[in-house]
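Single-structure report; data block below.
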Amino acid sequence: LLGHPVAGASWEGFVIEALIDAAGPHAIPSFYRTADGAEIDLVIEQGGRAAFAIEIKRSTAPRIEQGFYIGARDVGAERRIVVCPGTETYPARDGVEVMPVRDAIQAVATTR
Numbered sequence: 530l531l532g533h534p535v536a537g538a539s540w541e542g543f544v545i546e547a548l549i550d551a552a553g554p555h556a557i558p559s560f561y562r563t564a565d566g567a568e569i570d571l572v573i574e575q576g577g578r579a580a581f582a583i584e585i586k587r588s589t590a591p592r593i594e595q596g597f598y599i600g601a602r603d604v605g606a607e608r609r610i611v612v613c614p615g616t617e618t619y620p621a622r623d624g625v626e627v628m629p630v631r632d633a634i635q636a637v638a639t640t641r
């Protein structure tokens with residue numbers, strides 16, 4: 530099942546829905562893409578600020594693209610998170626946190 534061509538898109542949709550729900554009714558979800566390739570799967574605005582830039586990866590050893598770092602800087606994200614199906618939260622470069630969906634839900638919910 531995990532080898533199916535739509536597994537990554539299905540995982541991304543599941544994570545996005547879970548995080549939007551955790552963010553609460555006053556959060557503003559969006560995505561970010563530029564013609565130059567900067568991309569963020571989910572931006573969550575809370576209280577008029579970009580609280581989260583979130584990239585969603587199906588891999589347990591996610592490769593973080595340069596476009597995510599650029600996009601997170603462009604939107605002024607306070608927290609930069611990469612969600613993956615792993616079990617541990619760990620730091621990546623430039624203040625990015627890699628974490629399982631459970632921890633990402635908790636992070637988003639605690640800033641409501």
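Residue numbers (the numbering used here): 530 to 641. Note that CB positions come from ideal geometry on N, CA and C, so glycine has one too.
Bridge partners - residue i, DSSP secondary structure assignment
i      : result
LEU571 : ILE583
SER559 : VAL572
PRO629 : CYS613
ARG578 : GLN575
PRO554 : Answer is none; PRO554 lacks a bridge partner.
Where residue i falls: helix, strand or coil (DSSP)
i      : result
ARG608 : strand
ARG641 : coil
ILE599 : helix
SER588 : coil
GLU594 : coil
Buried versus exposed, by CB contacts within 10 Å (16 or more), residue i
i      : result
ARG581 : For the sequence presented, residue 581 should be read as Phe rather than Arg. PHE581 should be labelled buried.
PHE597 : buried
ALA636 : buried
ALA538 : exposed
Straight-line Cα distance separating residue j from residue i
i      : j      : result
ASP603 : VAL630 : 24 Å
ALA590 : TYR619 : 11 Å
ARG641 : GLY532 : 36 Å
PRO554 : GLU546 : 13 Å
ASP632 : GLY600 : 22 Å
VAL627 : ALA564 : 26 Å
ALA638 : GLN595 : 27 Å
ARG609 : VAL625 : 5 Å
GLY605 : ILE557 : 15 Å
ILE549 : GLU617 : 22 Å
TYR561 : ASP570 : 7 Å
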